[in-house]
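Novice:
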Amino acid sequence: MKTRNPRPSHPGGAPGAAAPLPAAADIAIIGAGVMGLALAYNLAAEGGKRIVVVDANYLAWGASGRNGGGVRQQWSTEMNIRLMQESLSICAGFAQEMGINVWMRQGGYLFLARTEATRAHLEASIALQNRCDVPTRLIDMNEARQLVPELEVRDASAGDEAGFAGACFNPTDAIVFPWPFLWGYARAAQKRGVAIHTATHVSAIERRASGDFVLQTSKGPLIAARVVDAAGAWSPEVARLAGVELPDWPERHEILSTEPLKPFLRPMVSVLESGLYFSQSLRGEIVGGITLPSPRDREVRLGSRLRFLQSMATAMVEIMPLLGDVKVVRQWAGPYDMSPDGDPIVGEAPGAPGFYVCCGFVGHGFMMAPVVSRYYARHLLGKETHELFDAWSPKRFTAGGASGAREQMHIG
Amino acid sequence: MSKKVILCRCEDVTLTDVQRAVASGVRDLEEVKRYTGFGTGPCQGKECLRAVALAIAEASGRAPAAMHAFTTRPPLVPTELKYFAGPRQAAAPADENA
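If you're matching them up, the sequences are chains A and B in order.
Counting from 1 along the first sequence, just add 32 to a position and that's the residue number in this note's numbering.
Counting from 1 along the second sequence, just add 254 to a position and that's the residue number in this note's numbering.
(1) Indicate the three-state DSSP secondary structure (helix, strand or coil) for Y309(A) in the structure shown.
(2) Tell me whether T417(A) is buried or exposed, calling it buried when 16 or more other Cβ atoms sit within 10 Å of its Cβ.
(3) Would you mind stating whether L283(B) and A307(B) have Cβ atoms separated by less than 8 angstroms?
(4) What is the DSSP secondary structure of G16(A), reduced to helix, strand or coil?
(5) Could you check what DSSP says for W456(A) in three-state terms: helix, strand or coil?
(6) Just to confirm my understanding: we take A296(B), look at its own chain, exclude 5 residues before and 5 after, and list those with CB closer than 8 angstroms. What are they?
(7) Helix, strand or coil, according to DSSP, for M352(A) in the structure here?
(8) With three or more beta-carbon pairs closer than 8 angstroms as the criterion, would you say the region 207 to 227 of chain A touches the region 240 to 251 of chain A?
(9) List, in chain order, every chain A residue whose beta-carbon is nearer than 7 angstroms to that of P296(B).
(10) Strictly under 8 angstroms for the Cβ-Cβ distance: is P318(B) near chain A by that measure?
(11) Using the Cα positions of C262(B) and V259(A), report the straight-line distance between them to the nearest angstrom.
(12) Listed in chain order, which residues of the region 321 to 342 of chain B have Cβ atoms closer than 7 angstroms to some Cβ of chain A?
(13) Is it buried or exposed for K287(B), if we count other Cβ within 10 angstroms and need 16 for buried?
(14) Please state whether DSSP places Q106(A) in a helix, a strand or coil.
(15) For G216(A) and M136(A), I'd like the C-alpha separation in whole angstroms.
(16) Report buried or exposed for D375(A), applying the criterion of at least 16 other Cβ atoms within 10 angstroms of its Cβ.
(17) Contact criterion: CB-CB distance below 8 angstroms. Does A194(A) meet it with respect to chain B?
(18) Applying a beta-carbon distance threshold of less than 7 angstroms, which residues of chain B neighbour W211(A)?
(19) Count the other C-beta atoms from every protein chain shown that fall within 10 angstroms of the C-beta of G225(A), then say buried if there are 16 or more, exposed otherwise.
(20) Counting only the same chain and skipping the five closest in sequence on each side, list residues whose C-beta sits under 7 angstroms from that of N351(B).
(21) Would F398(A) and S157(A) qualify as a contact pair, given that the criterion is a beta-carbon distance under 8 angstroms?
(22) Rounded to the nearest angstrom, how far is the Cβ of S405(A) from that of M116(A), given a contact under 8 angstroms?
(23) I want to verify the contact list: residues of chain B whose CB lies under 8 angstroms from the CB of V452(A), in sequence order.
(24) Rounded to whole angstroms, how far is the Cβ of T168(A) from the Cβ of Q106(A), which I believe are closer than 8 angstroms?
(25) In this structure, does DSSP put F245(A) in helix, strand or coil?
(26) Mind checking the region 250 to 278 of chain A against chain B and listing, in chain order, the residues whose C-beta falls within less than 9 angstroms of any C-beta there?
(27) Measure from the C-beta of E350(B) to each C-beta in chain A and report whether the shortest distance is under 8 angstroms.
(28) How long is the line joining the alpha carbons of G79(A) and G414(A), rounded to whole angstroms?
(29) Are there 16 or more other CB atoms within 10 angstroms of the CB of G63(A), so buried, or fewer, so exposed?
(30) Spell out the partners DSSP gives E380(A) in its beta bridges.
(31) Please tell me whether L53(A) and T232(A) are closer than 8 angstroms, where the distance is taken between their beta carbons.
(32) Compute the distance between the beta-carbons of S302(A) and Y73(A), then report whether it is under 8 angstroms.
(33) When the cut-off is 8 angstroms and only beta carbons count, does D266(B) lie next to chain A?
(34) Could you work out which residue in I61(A), T147(A), K359(A) and A51(A) is closest to C390(A) when comparing CA atoms only?
(35) Along chain A, in chain order, which residues have C-beta atoms closer than 7 angstroms to that of E284(B)?
(36) Tell me which residues share the same chain as R36(A) and place their Cβ nearer than 7 angstroms to its Cβ, disregarding the 5 neighbours each side in the sequence.
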């Protein structure tokens, strides 16, 4: 069976372009995005051997190279809050550990809520965050303007649809520049013996009588005792090669970057109802996106739309009019990997022993990868497990699936 | 005088940066863009793409004609956001560049 995985239009390039593909792997990871690379790195760091990562394209080609780089701890379930506290701490030590600048800036996240209903959700989440020692505060528009004087926002009052019902601010949330994370994880993994093969397309996954898998790739066959599907929005196509049906699907999200400006904007600013978010990177640009109503995509689509530019510019200029004079230099698209209940899909696929998935992160895979990959590596090596493997098990979509608190905060 | 040769003036990417990228195994303009950040500033590669392509070709021993330019992103030139803001205009004839 063939996939629609895009083949590189001009193969070649690193890493692993010149080296032959190993004949066999203990664990073969499909997808060299941040999740696959971070998992490979953690597996090797925990003593795993014969780890091979394959990807049809080059590093940072997919969603890991197309996202806004937000890393926040404002979540609505305790497990996610605690996971993201740990992820942020890994990000904070990443530059030193990996010897690469990831342009991290801890300027906080400011979420604005238009409606009372959203504000009520925030209040409940803040109480939970505070119990986990995340210092989020509920604030009014006066305080929001003190934090970001360029914001022109006002408190909601009767008959005023342009006002906001409230906001929350956590000063310890952060942004990073995604690209160097990939190079950092890739180089560190290679140093520990991981074989990374980009421009290596997987066209079939066969199961041998012994239980091993054979991956047919554009660089020859690879025998693997276990396989991890870390292909993000492309993970259903990859899983289908192994006869596994996954319930996630791709959703196009667009993003833009402006010319670089003198540093002025400390926090990431987001409006919960519209999905607007923007921040100023350490490189000086304003980077952000907004959710557009879009039909459920059957395959990944990466075209840029004028409609996005119009919606985004309108929403930005409405709350921060001075941005009207700032020039947009580039827009692009990337796929969110959507899951039916908004939570990731992580673990061994039901009915397919040895075939593991790590997908359905709904636009948060980048910020979650540092911590999820750490626990996934220990889980795969049989050292330790974590409650996330119950909460996010793919089994919940089959008969008698798990229930529990589902995440509510899905923006930025 | 400094011997530093700047190839991408927007993002301060030097000839040495590109040579290091190639030495580490990165070969294509798309990859070198993501490795060095060249071409991501206000000119979006309009000034530096040829120079970087030639530097990669020289460092990797490939013919310049074998190099492929990276994907061009809209808008065509840096444009103030105010020109896109406001009530939604009638659907443009070409909404999507895909």
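Ideal Cβ placement from N, Cα and C applies to all residues, glycine included.
Specialist: According to the structure shown:
(1) Locating residue 309(A) in the first sequence gives position 277, counting from the first residue. If DSSP states are grouped into helix, strand and coil, Y309(A) belongs with the strands.
(2) As a position in the first sequence, residue 417(A) is number 385, starting the count at 1. So T417(A) counts as exposed.
(3) The sequence position of residue 283(B) within the second sequence is 29, counting from 1. The sequence position of residue 307(B) within the second sequence is 53, counting from 1. Result yes, Cβ atoms of L283(B) and A307(B) sit closer than 8 angstroms.
(4) Nothing can be reported for residue 16(A): it is not among the residues displayed for chain A, which extend from 33 to 444.
(5) Given a span of 33 to 444 for chain A in the structure shown, any question on residue 456(A) remains unanswerable.
(6) The residue given as residue 296(B) occupies position 42 in the second sequence. The residue you asked about is not Ala; residue 296(B) is Pro in the sequence shown. Only C264 and P332 meet the Cβ criterion.
(7) The residue you call residue 352(A) lines up with position 320 of the first sequence. Correct three-state label for M352(A): coil.
(8) Cβ pair count under 8 angstroms is below three, so no.
(9) Residue mapping note: residue 296(B) aligns to position 42 of the second sequence, counting from 1. Listed along the chain, the chain A residues whose CB falls inside 7 angstroms of the CB of P296(B) are E291 and V361.
(10) Counting from one through the second sequence, the residue named residue 318(B) turns up at place 64. Under the Cβ distance rule, P318(B) does not count among the residues neighbouring chain A, no pair being separated by less than 8 angstroms.
(11) Along the second sequence, read from residue 1 onward, the residue named residue 262(B) stands at position 8. Along the first sequence, read from residue 1 onward, the residue named residue 259(A) stands at position 227. Cα to Cα, C262(B) sits roughly 41 angstroms from V259(A).
(12) The region 321 to 342 of chain B vs chain A, Cβ under 7 angstroms: H322, R327, P328, P329, P332, T333, E334, L335, K336, F338, A339, G340 and R342.
(13) Numbered from 1 along the second sequence, position 33 holds the residue referred to as residue 287(B). By the beta-carbon neighbour count (other beta carbons within 10 angstroms, threshold 16), K287(B) is buried.
(14) Here residue 106(A) refers to the residue found at position 74 of the first sequence. Q106(A): coil per DSSP, three-state reduction.
(15) The sequence position of residue 216(A) within the first sequence is 184, counting from 1. The sequence position of residue 136(A) within the first sequence is 104, counting from 1. When rounded, the distance between both Cα atoms is 14 angstroms.
(16) Position 343 of the first sequence, counted from the start, is the residue given in the question as residue 375(A). Its Cβ being crowded by 16 or more others within 10 Å, D375(A) is buried.
(17) For the purposes of this step, residue 194(A) is taken as residue 162 along the first sequence, with counting starting at 1. A194(A) has a beta carbon lying at 8 angstroms or more from every beta carbon in chain B.
(18) Counting from 1 along the first sequence, the entry for residue 211(A) is found at position 179. Within 7 angstroms Cβ-Cβ: R288.
(19) Position 193 of the first sequence, counted from the first residue, corresponds to residue 225(A). G225(A) should be labelled exposed.
(20) For the purposes of this step, residue 351(B) is taken as the residue at position 97 of the second sequence. A distance below 7 angstroms between beta-carbons, with the five flanking residues on each side excluded, links N351(B) to the following residues of its chain, in chain order: P328.
(21) In the first sequence, the residue the question calls residue 398(A) occupies position 366. In the first sequence, the residue the question calls residue 157(A) occupies position 125. Pairing F398(A) with S157(A) gives a Cβ-Cβ distance that is not under 8 angstroms.
(22) By 1-based counting over the first sequence, the position of residue 405(A) is 373. By 1-based counting over the first sequence, the position of residue 116(A) is 84. Not really, about 14 angstroms apart at Cβ, beyond 8 angstroms.
(23) Nothing can be reported for residue 452(A): it is not among the residues displayed for chain A, which extend from 33 to 444.
(24) Residue 168(A) sits at position 136 when you count from the first residue of the first sequence. Residue 106(A) sits at position 74 when you count from the first residue of the first sequence. The C-beta distance from T168(A) to Q106(A) rounds to 6 angstroms, short enough to fall under 8 angstroms.
(25) As a first step, residue 245(A) is located in the first sequence; it is residue number 213 there, counting from the start. In this structure, F245(A) counts as strand in the three-state DSSP scheme.
(26) The region 250 to 278 of chain A vs chain B, Cβ under 9 angstroms: nothing.
(27) Along the second sequence, read from residue 1 onward, the residue named residue 350(B) stands at position 96. By this cut-off, E350(B) is an interface position.
(28) Counting from one through the first sequence, the residue named residue 79(A) turns up at place 47. Counting from one through the first sequence, the residue named residue 414(A) turns up at place 382. Distance between G79(A) and G414(A), taken at the CA atoms: about 12 angstroms.
(29) Position 31 of the first sequence, counting from 1, holds the residue named residue 63(A). Residue environment: G63(A) is assigned as buried (16 or more neighbouring CB atoms within 10 Å of its CB, all protein chains considered).
(30) One-based indexing of the first sequence puts residue 380(A) at position 348. E380(A) is bridged to Y388(A).
(31) Start at 1 with the first residue of the first sequence, and residue 53(A) comes out as number 21. Start at 1 with the first residue of the first sequence, and residue 232(A) comes out as number 200. At a Cβ-Cβ threshold of 8 angstroms, L53(A) and T232(A) count as neighbours.
(32) Position 270 of the first sequence, counted from the start, is the residue given in the question as residue 302(A). Position 41 of the first sequence, counted from the start, is the residue given in the question as residue 73(A). Result no, Cβ atoms of S302(A) and Y73(A) do not sit closer than 8 angstroms.
(33) Here residue 266(B) is taken as the residue at index 12 of the second sequence, counted from 1. Closer than 8 angstroms: no.
(34) Numbered from its first residue, the first sequence carries residue 390(A) at position 358. That would be I61(A), whose Cα lies nearest to the Cα of C390(A).
(35) Along the second sequence, read from residue 1 onward, the residue named residue 284(B) stands at position 30. Simply Y90.
(36) Here residue 36(A) corresponds to residue number 4 of the first sequence, with the count starting at 1. Note that R36(A) scores a pLDDT of 43, beneath 50, so its modelled location is shaky; the value from the coordinates is reported in the next line. These residues qualify, in order along the chain: E269 and E331.
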